[in-house]
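As structure tokens, the structure follows; a few thoughts come after it.
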Amino acid sequence: MSGTNGKVTVTHADTAMPFAVAGSGAGSGGGGGSGGVEWRKWSIILTLLLALLAVSVQWGMVNARLDQMDKRLDELIFETRGLRDEYRDIDRRLSFLEGQKSGGNPKP
Numbered sequence: 238m239s240g241t242n243g244k245v246t247v248t249h250a251d252t253a254m255p256f257a258v259a260g261s262g263a264g265s266g267g268g269g270g271s272g273g274v275e276w277r278k279w280s281i282i283l284t285l286l287l288a289l290l291a292v293s294v295q296w297g298m299v300n301a302r303l304d305q306m307d308k309r310l311d312e313l314i315f316e317t318r319g320l321r322d323e324y325r326d327i328d329r330r331l332s333f334l335e336g337q338k339s340g341g342n343p344k345p
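To convert, count from 1 in the sequence shown and add 237; that's this note's numbering.
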């Protein structure tokens with residue numbers, strides 16, 4: 238191993254393979270070791286953007302589901318009102334028939 242200029246030489250089967258030591262500033266971007274920092278910064282920004290995109294897509298799906306539920310609840314309320322009116326009509330007719338059966342003189 239030689240320590241010239243942050244490089245280490247490894248010999249393997251008569252082949253010299255120089256590589257940069259981590260933090261030496263040589264290799265992978267150069268510039269005094271800022272390449273790794275830049276890569277980390279951009280990877281964090283990309284991760285945050287992807288997370289923001291995922292949250293916005295999920296929020297859109299939740300809103301779509303809530304809109305569907307709102308429409309269905311409106312339909313159920315409308316059906317309930319109709320059934321309530323029908324129940325009143327049946328109750329009124331039943332009262333009329335009970336009045337006729339008891340011998341009273343109900344007004345139709």
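Even for Gly, the Cβ is constructed at its ideal location relative to N, Cα and C.
Grab me the residues of residue i's own chain with a C-beta within less than 6 Å of its C-beta, minus the 5 sequence neighbours each way, in chain order.
i: residue 319; result: none
Grab me the residues of residue i's own chain with a C-beta within less than 7 Å of its C-beta, minus the 5 sequence neighbours each way, in chain order.
i: residue 307; result: none
i: residue 314; result: none
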